[in-house]
Amino acid sequence: MAGNETDLFIDSLVGAPLKDDRALMEFPFFSIQKQPRMEPLIYDDGRTQITIEPGPKGLATIWDKDVLLYVVSLINERIERGMDVDHTVRFAAHDLLRVTGRGTGKRSYELLLDALFRLRSTNIMTSIESADERDRRGFGWIETWRVVERKTSTGRKIMAAIEITLNDWMFRALVKERRVLTINPTYFDLESGLGRRLYEIGRKHLGNQDSWRISLEKLAKKIGTSRELRFFKRDLLKIINDDVIPDYKLALELGPRGGRPVVVFEHRDSEHTAASI
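For the sequence shown, our numbering begins at 989 and goes up steadily by one.
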């Protein structure tokens, strides 16, 4: 690797805006459950097809996605500054853990290694194009990863840096399409996988509208949940009652003429108030 590539992104992201890929916000690409999900995640709305197959440790999770958010944000920051970018980036593990709200103890580094393994071993197949190109093959979230270790003065080995090669599908979308949105850094404070997905969906779809509505069934499909609809509704109501989603308020309404339930997303500063059920 050339010298200038060796030093890529060894600085911190602190202070730079955090970015997410719009396609990853709209569709279910990650498991939202803590326990390993070993069954595939399949989404098909007639226009977009996605199949996510697990590796030996299960599907990559919404918490594993923090690594991608960090990498995407680093690359985007370099693009914004007019600097050269490459599929392969290197950054300080400590900074990733700090920016994404994780601890920096030994267990946090062990969990980070598990995340890298799942991101590499999860297999994605999708009809979503990237920079007018469609991948007719499976790919992992990251092509390769490498941990750079160094010894402390006491002889203990520590994780000094991480080197990741991003998959071509995401790299094209980021560099050529620029399909990124800024996310609220308090997103990382959300402990619930469902809460994280609800924030992503609200961020992607609400835009400048006063409100955005989606049926409960369609939302469950976008979330990528494996739970029965009645249990998903119960989980959703808890999130609504806790009112912890950054930037957005949610409500569950009856559909027109007492029809099927509809989930309403609103900006927190909106004057609109939905009648809950």
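Quick reminder that beta carbons are idealized off the backbone N, C-alpha and C, glycines included.
| Item | Value |
| --- | --- |
| For residue 1130 and residue 1077, believed in contact at Cβ under 8 Å, the rounded distance | Not quite, the Cβ-Cβ distance comes to about 10 Å (not below 8 Å), so this is no contact. |
| As assigned by DSSP and simplified to three states, the class of residue 1042 | coil |
| Exposure of residue 991, with buried meaning 16 or more beta-carbon neighbours within 10 Å | Unreliable placement is indicated for residue 991, whose pLDDT of 39 sits below 50; the coordinate value is still reported in the next sentence. Exposed: under 16 other Cβ atoms inside 10 Å. |
| Nearest-angstrom beta carbon gap, residue 1162 and residue 988 [assumed within contact, 8 Å] | The question about residue 988 has no answer, for the chain in this structure spans 989 to 1265. |
| Three CB pairs or more closer than 8 Å across the region 1040-1058 and the region 1097-1114 | yes |
| Span separating the alpha-carbon of residue 1217 from that of residue 1144 | 50 Å |
| Contact belief for residue 1147 with residue 1126 at Cβ below 8 Å, rounded distance in angstroms | Not really, about 29 Å apart at Cβ, beyond 8 Å. |
| Given 8 Å, three or more beta-carbon pairs between the region 1173-1183 and the region 1219-1234 | yes |
| Given 8 Å, three or more beta-carbon pairs between the region 1026-1045 and the region 1083-1101 | no |
| Sequence-distant residues of its chain with Cβ nearer than 7 Å to residue 1186 (five each side left out) | 1227, 1233, 1238 |
| Distance between residue 1055 and residue 1007 (C-alpha atoms, nearest Å) | 12 Å |
| Length of the line joining the Cα atoms of residue 1110 and residue 1083 | 25 Å |
| Distance CB(residue 1009)-CB(residue 1167) smaller than 8 Å | yes |
| Close Cβ partners of residue 984 (< 6 Å) along its chain, the five nearest in sequence each way excluded | The structure shown does not extend to residue 984, since the chain is modelled only from 989 to 1265, so the question has no answer here. |
| Residue 1207 classed as buried or exposed, judged by whether at least 16 other C-beta atoms fall within 10 angstroms | buried |
| Three-state secondary structure assigned by DSSP to residue 1129 | coil |
| Where residue 1255 sits in the DSSP three-state scheme | strand |
| Assigned exposure category for residue 1248 - 16 Cβ within 10 Å defines buried | exposed |
| Under 8 Å between C-beta atoms of residue 1204 and residue 1250 | yes |
| Through-space distance from residue 1080 to residue 1092, alpha-carbon basis | 12 Å |
| Spatial neighbours of residue 1201 in its chain, beta-carbon cut-off 6 Å, leaving aside the 5 residues before and after | 1250, 1252 |
| Residue 1230 versus residue 1141: straight-line alpha-carbon distance, rounded | 47 Å |
| Per-residue DSSP class, three states only, for residue 1136 | strand |
| CB contact flag (residue 1171, residue 1191, <8 Å) | yes |
| Beta-carbon proximity of residue 1194 to residue 1255, cut-off 8 Å | yes |
| Alpha-carbon spacing of residue 1138 relative to residue 1067, whole angstroms | 30 Å |
| Inter-residue spacing [alpha-carbon to alpha-carbon] between residue 1064 and residue 1184 | 22 Å |
| Distance cut-off 7 Å: residue 1257 Cβ against heavy atoms of the ligand ATP | The model depicted lacks the ligand ATP and carries no ligand whatsoever. |
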